[in-house]
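Student:
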Amino acid sequence: MVDADASDADVAADAKPEGRMPGPRPAAKGSLTPRGEDFPRWYQEVVARAEMADNGPVRGTMVIRPWGYEIWERLQAAIDERIKAAGAHNAYFPLFIPESFMRLEAEHVEGFNPELWVVTQGGGRQLDEPVVVRPTSETVINHFFAKWVQSHRDLPLLVNQWCNVVRWELRPRLFLRTTEFLWQEGHTAHADEKEARAYALRILTDVYKDAMEEVAAIPVLVGHKTARERFAGAVRTWTCEAMMGDAKALQMGTSHELGQNFAKVFGIQYSDSTGALRYVWQTSWGASTRLIGALIMAHGDDFGLRLPPALAPLEVVVLCVREDDAVRRAAGALADELRRAGRRVHLDDRTDSGFGRRTVDWELKGVPVRVEVGPRELAEGKVTVVTRHLRAKEPVPLAAVSDAVDRVCRRAARDLRDEARAFREARTTAASSFEEVLDAGSAGFARVPWQVVGEEGELRLAAEGLTVRCLQREDGSLAAHGEADDGLVAVVGRAY
RNA sequence: CGGGCUGUGGCGCAGUUUGGUUAGCGCGCUGCGUUCGGGACGCAGAGGUCCCCGGUUCAAAUCCGGGCAGCCCGACCA
Numbered sequence: 010m011v012d013a014d015a016s017d018a019d020v021a022a023d024a025k026p027e028g029r030m031p032g033p034r035p036a037a038k039g040s041l042t043p044r045g046e047d048f049p050r051w052y053q054e055v056v057a058r059a060e061m062a063d064n065g066p067v068r069g070t071m072v073i074r075p076w077g078y079e080i081w082e083r084l085q086a087a088i089d090e091r092i093k094a095a096g097a098h099n100a101y102f103p104l105f106i107p108e109s110f111m112r113l114e115a116e117h118v119e120g121f122n123p124e125l126w127v128v129t130q131g132g133g134r135q136l137d138e139p140v141v142v143r144p145t146s147e148t149v150i151n152h153f154f155a156k157w158v159q160s161h162r163d164l165p166l167l168v169n170q171w172c173n174v175v176r177w178e179l180r181p182r183l184f185l186r187t188t189e190f191l192w193q194e195g196h197t198a199h200a201d202e203k204e205a206r207a208y209a210l211r212i213l214t215d216v217y218k219d220a221m222e223e224v225a226a227i228p229v230l231v232g233h234k235t236a237r238e239r240f241a242g243a244v245r246t247w248t249c250e251a252m253m254g255d256a257k258a259l260q261m262g263t264s265h266e267l268g269q270n271f272a273k274v275f276g277i278q279y280s281d282s283t284g285a286l287r288y289v290w291q292t293s294w295g296a297s298t299r300l301i302g303a304l305i306m307a308h309g310d311d312f313g314l315r316l317p318p319a320l321a322p323l324e325v326v327v328l329c330v331r332e333d334d335a336v337r338r339a340a341g342a343l344a345d346e347l348r349r350a351g352r353r354v355h356l357d358d359r360t361d362s363g364f365g366r367r368t369v370d371w372e373l374k375g376v377p378v379r380v381e382v383g384p385r386e387l388a389e390g391k392v393t394v395v396t397r398h399l400r401a402k403e404p405v406p407l408a409a410v411s412d413a414v415d416r417v418c419r420r421a422a423r424d425l426r427d428e429a430r431a432f433r434e435a436r437t438t439a440a441s442s443f444e445e446v447l448d449a450g451s452a453g454f455a456r457v458p459w460q461v462v463g464e465e466g467e468l469r470l471a472a473e474g475l476t477v478r479c480l481q482r483e484d485g486s487l488a489a490h491g492e493a494d495d496g497l498v499a500v501v502g503r504a505y
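In terms of my numbering, the first sequence opens at residue 10 and continues consecutively.
Quick look at the structure:
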């Protein structure tokens, strides 16, 4: 849906990087990926910061600067659109949850207890009952679901909420695991198990996989989690897993089948058409600001971010190379023309700041196309169009700029996705023994029959820092019909 | 909670082993000028309780004792 037309895949094919194009200076201390030594260190300067406690913000909390936030807004819009297409509606529930709610579902309690932030005072007084700041909203939402669901006619109940959640983290990591993060969490109730499962899968593929691959241009593997990796309180967790630029795995989004676990403790019952009282079957699913981190780590290169145009706050920057009346006029006219064509455009005419400084900065931010307007070329009626993701420059006649920009924007997401997929494939190895898994899983993904690993094998892998990212069928499809895990393939990797 | 390491202008660091004038360097910042088709340069300038407390000494960023804070690796996790 982002780019379908393959006919102009060759636009910049023969435009090659020219001359020396030095990159940005190495960044200050602090890295998005402290463990990935090869990974560029300075994205946080552009996109965000996880401020650590220095008598300021709480350790591990996150500040997203405007550029990063606008990327998030675009991701948000893409996901929201798909959620609505799946029939769910947005709603909002309280930030504070009575502590007693969190104690109801046994596994849920166990899973989240260590991560809770608990408020014991309010209005200058000790509270009668402490409240927790939501780490996820299953409990409050189900409290209300119990009131809202009476009849089979009330089902399915499909609700989504965009909000922030808070979890105590032993080791915060910028974007990937911060104390507070923004996300979307969907919660649904269905009349039967089959429908609930189908909905969980619909969200997994039609919302998450589609948005990640088509919009964020990050290819994902889909499958379900092992019992060990499953969400606390779920009977089955479905997941989208991607490989980052350093060959490590990142969980991009999850969709859980909750069975009747929560329905039973919160008393969510309905009368079916025969009048019999039944518990609902539920799902919950979420994706977070972690996706910004994924975008950075999957597509970033040594010169900064590379953004798919659909997510880029600006698609085009028209740059005045130097102060000159004709340049200024031509650049202004080009910017207007591109805006009229519907592009998000910025005119950079700050010629008091050096050309190099400005280009490096736009490159760092990942703006997909730069149009450089300088006096020499302009005299010949030309400008330079630079394709960020390829770092390719080509001279283009003024009249053809809009077309050139279109071509770059059309191919950028596809190129990024193809590149990421090729990278993942090149680092995925079929393994048939446990020893092979150790090697292959460290270098990337190992695909191995689940029987070869098993639950004890999973423990041994954990000791080596490896985890089973997901289980899927041999051909990569979902084991969606409740088949036994035995016949499945495990994807093993090193995770963030 | 285990195992490493570090606290020095806004940021990154040197100096500490072997105490000694006025505590340096890079980046950033301010001003002026020259530049500016890929992070330029010159000159001038602002900016420091050397983490804290105590001790030794003629003299402590440096040595001694005691605190505190932060980072990295592991265990928890979207």
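Just so you know, even glycine gets a beta-carbon here, dropped at the ideal spot from N, CA and C.
Given that a residue counts as buried once 16 or more other Cβ atoms are within 10 Å of its Cβ, and exposed if not, what is G284?
Tutor: The sequence position of residue 284 within the first sequence is 275, counting from 1. Classification for G284: exposed.
Student: Take R419 as the anchor and find which of R182, H398 and G463 has the nearest alpha-carbon.
Tutor: Locating residue 419 in the first sequence gives position 410, counting from the first residue. Residue H398 is the option with its Cα nearest to R419.
Student: For a quick check, are the C-beta atoms of L230 and H308 less than 9 Å apart?
Tutor: Indexing the first sequence from 1 puts residue 230 at position 221. Indexing the first sequence from 1 puts residue 308 at position 299. Contact flag unset, no.
Student: First and last residue of the beta strand (DSSP E) that includes T9?
Tutor: Here the chain comprises residues numbered 10 to 505, so residue 9 is not present and cannot be evaluated.
Student: Taking 8 Å as the threshold, find out whether the segment 212-224 comes into contact with the segment 463-470 through three or more Cβ pairs.
Tutor: At 8 Å Cβ cutoff, the stretches do not touch.
Student: Within the chosen definition, does the segment 70-84 reach the segment 105-120 through at least 3 CB pairs nearer than 8 Å?
Tutor: Short answer: they don't touch.
Student: Out of E445, D281, F271 and L213, which one is the CA nearest neighbour of E250?
Tutor: As a first step, residue 250 must be located in the first sequence, where it is residue number 241. Selected option, being the one with the closest Cα: L213.
Student: When you compare each of T476, A493, P107 and E202 to R482 by their alpha carbons, which one comes out closest?
Tutor: The residue you call residue 482 lines up with position 473 of the first sequence. Ranking T476, A493, P107 and E202 by Cα distance to R482 puts A493 first.
Student: Identify which residue in V395, Q85, H233 and V128 has its Cα closest to the Cα of I106.
Tutor: As a position in the first sequence, residue 106 is number 97, starting the count at 1. Ranking V395, Q85, H233 and V128 by Cα distance to I106 puts V128 first.
Student: Does the beta-carbon of Q460 have 16 or more other beta-carbons within 10 angstroms, so that it is buried, or is it exposed?
Tutor: Reading the first sequence from its first residue, position 451 is the one you call residue 460. Exposed, since its Cβ has fewer than 16 Cβ neighbours within 10 Å.
Student: Since H308 is in the beta strand (DSSP E), which residue starts that stretch and which ends it?
Tutor: As a first step, residue 308 is located in the first sequence; it is residue number 299 there, counting from the start. Per DSSP, H308 belongs to no beta strand (DSSP E); it is in the alpha helix (DSSP H), R299 to H308.
Student: For a test of the three-state rule: what should DSSP assign to R91, helix, strand or coil?
Tutor: Translated into positions along the first sequence, residue 91 becomes position 82. If DSSP states are grouped into helix, strand and coil, R91 belongs with the helices.
Student: Can you find at least 3 beta carbon pairs, one from the segment 297-313 and one from the segment 366-384, that sit closer than 8 Å?
Tutor: Judged by Cβ distances under 8 Å, the segment 297-313 makes contact with the segment 366-384, as three or more pairs qualify.
Student: What does a CB cutoff of less than 6 Å around R353 pick up in its chain, not counting 5 residues either side in sequence?
Tutor: Start at 1 with the first residue of the first sequence, and residue 353 comes out as number 344. These residues qualify, in order along the chain: L323 and E324.
Student: Use the C-beta contact count for R434: other C-beta atoms within 10 angstroms, 16 or more gives buried, fewer gives exposed.
Tutor: Counting from 1 along the first sequence, the entry for residue 434 is found at position 425. The sequence shown places Glu at residue 434, rather than the Arg named in the question. The residue in question, E434, is exposed, as its Cβ has fewer than 16 Cβ neighbours within 10 Å.
Student: When you compare the CB positions of T292 and H199, do they come within less than 9 Å of one another, or not?
Tutor: Counting from one through the first sequence, the residue named residue 292 turns up at place 283. Counting from one through the first sequence, the residue named residue 199 turns up at place 190. Yes; because the gap between Cβ atoms is below 9 Å, this pair is in contact.
Student: Using a threshold of 9 Å, state whether the C-beta atoms of A209 and R245 are closer than that.
Tutor: Residue mapping note: residue 209 aligns to position 200 of the first sequence, counting from 1. Residue mapping note: residue 245 aligns to position 236 of the first sequence, counting from 1. Yes, Cβ-Cβ distance for A209 and R245 is below 9 Å.
Student: Along the beta strand (DSSP E) that carries D137, what are the first and last residues, could you check?
Tutor: Here the question's residue 137 lines up with position 128 in the first sequence. Here the beta strand (DSSP E) through D137 covers R134 to V142.
Student: How far does the beta strand (DSSP E) with M71 in it reach, from first residue to last?
Tutor: The residue labelled residue 71 in the question sits at position 62 within the first sequence. M71 -> beta strand (DSSP E) spans T70 to I73.
Student: Looking only at DSSP bridge pairs, what is A439 linked to?
Tutor: The sequence position of residue 439 within the first sequence is 430, counting from 1. Answer is R456, bridged to A439.
Student: Would you call the segment 178-198 and the segment 68-77 touching, i.e. three or more CB-CB distances under 8 Å?
Tutor: As far as the Cβ criterion goes, the segment 178-198 touches the segment 68-77, which means the pair count is three or higher.
Student: Taking all protein chains shown into account, decide if Q260 is buried (16 or more other Cβ within 10 angstroms of its Cβ) or exposed.
Tutor: Along the first sequence, one-based indexing puts residue 260 at 251. Result: buried.
Student: When the Cα atoms are used, what is the spatial distance from F190 to I301?
Tutor: Residue 190 sits at position 181 when you count from the first residue of the first sequence. Residue 301 sits at position 292 when you count from the first residue of the first sequence. Looking at the two C-alpha atoms, the distance is approximately 11 Å.
Student: At 3 residues or longer, and completely inside the segment 317-400: list those beta strand (DSSP E) runs for me, N to C.
Tutor: If we require 3 residues or more, the beta strand (DSSP E) runs fully inside the segment 317-400 come out as 325-329, 354-357, 378-382 and 391-396.
Student: Hey, could you find the ends of the alpha helix (DSSP H) F102 is sitting in?
Tutor: As a first step, residue 102 is located in the first sequence; it is residue number 93 there, counting from the start. Premise fails: F102 is in no alpha helix (DSSP H) and is neither H nor E.
Student: Which residue from V330, G383, R385 and A340 puts its Cα closest to that of T360?
Tutor: As a first step, residue 360 must be located in the first sequence, where it is residue number 351. Ranking the options by Cα distance to T360, first place goes to V330.
Student: Compare the C-alpha of Y279 against each of R379, A155 and S362 and name the closest.
Tutor: What you label residue 279 is simply residue 270 of the first sequence in a count that begins at 1. Closest by alpha carbon: A155.
Student: Please state if the CB of E90 and the CB of W177 are separated by a distance shorter than 9 Å.
Tutor: Indexing the first sequence from 1 puts residue 177 at position 168. Indexing the first sequence from 1 puts residue 90 at position 81. Cβ atoms of W177 and E90: not closer than 9 Å.
Student: Tell me whether the beta-carbon of A321 lies closer than 9 Å to the beta-carbon of I227.
Tutor: By one-based count along the first sequence, residue 321 stands at place 312. By one-based count along the first sequence, residue 227 stands at place 218. No.
Student: With DSSP collapsed to three states, give me the class of H152.
Tutor: Stepping through the first sequence from its first residue, residue 152 is reached at position 143. H152: helix per DSSP, three-state reduction.
Student: Does the segment 437-450 touch the segment 405-419, meaning 3 or more C-beta pairs lie closer than 8 Å?
Tutor: No, because fewer than three Cβ pairs between the segment 405-419 and the segment 437-450 fall closer than 8 Å, the two stretches do not touch.
Student: Which term fits S146, buried or exposed, when burial requires 16 or more other beta carbons within 10 angstroms of its beta carbon?
Tutor: Locating residue 146 in the first sequence gives position 137, counting from the first residue. By the 10 Å Cβ count, S146 comes out buried.
Student: With respect to the beta strand (DSSP E) encompassing A198, which residues constitute its N-terminal and C-terminal limits?
Tutor: In the first sequence, counting from the first residue as 1, residue 198 sits at position 189. A198 -> beta strand (DSSP E) spans E189 to H199.
Student: Measure the alpha-carbon distance for P458 versus A429 and round it to whole angstroms.
Tutor: Taking the first residue of the first sequence as position 1, residue 458 is located at position 449. Taking the first residue of the first sequence as position 1, residue 429 is located at position 420. Roughly 25 Å between the two C-alpha positions.
Student: For R83, name the three-state secondary structure that DSSP assigns.
Tutor: By 1-based counting over the first sequence, the position of residue 83 is 74. Of the three classes helix, strand and coil, the one that applies to R83 here is helix, per DSSP.
Student: Where do the ends of the beta strand (DSSP E) carrying R287 lie?
Tutor: Translated into positions along the first sequence, residue 287 becomes position 278. Residues L286 to Y288.
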